[in-house]
Amino acid sequence: MAVTNASGVSLSLNDRMIAGFLSLCIGAFLVFGAGLANSAVLHDTAHDVRHSFGFPCH
1 MAVTNASGVS LSLNDRMIAG FLSLCIGAFL VFGAGLANSA VLHDTAHDVR
51 HSFGFPCH
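This is how it looks when you write it as structure tokens:
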């Protein structure tokens, strides 16, 4: 029988609010950045990222 132990870190309200705010900012940046960017820019960026990871895409 497998036994799993989970440990958690309790954060203060201030720490949770900061983490939530930063997550909201990053999420908004990703949504609006992808939504307002030119599609050719997004394609070229994805293409360059694939090459930087060494993934052949041609």
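Residues in the sequence shown are numbered from 1 upward in steps of one, following UniProt numbering.
Backbone N, C-alpha and C fix where the C-beta goes; we use that ideal spot for every residue, glycine too.
This structure is a prediction, so every number in the text was calculated from the model and none was measured.
Q: From the DSSP output, in three-state form, read off Asn38 for me.
A: Position 38 of the sequence shown, counted from the first residue, corresponds to residue 38. Of the three classes helix, strand and coil, the one that applies to Asn38 here is coil, per DSSP.
Q: Go ahead and pull the three-state DSSP assignment for Val9.
A: Taking the first residue of the sequence shown as 1, we reach residue 9 at position 9. Reduced to three states, the DSSP call for Val9 is coil.
Q) If Leu24 sits next to Ala34, beta carbons under 8 Å apart, how far is it from one beta carbon to the other, in whole angstroms? A) Here residue 24 corresponds to residue number 24 of the sequence shown, with the count starting at 1. Here residue 34 corresponds to residue number 34 of the sequence shown, with the count starting at 1. Between Ala34 and Leu24 the Cβ distance is about 16 Å, and since that is not below 8 Å, they are no contact.
(Q) Measuring straight from C-alpha to C-alpha, what distance separates residue 79 and Leu30? (A) With the chain covering only 1 through 58, there is no way to say anything about residue 79.
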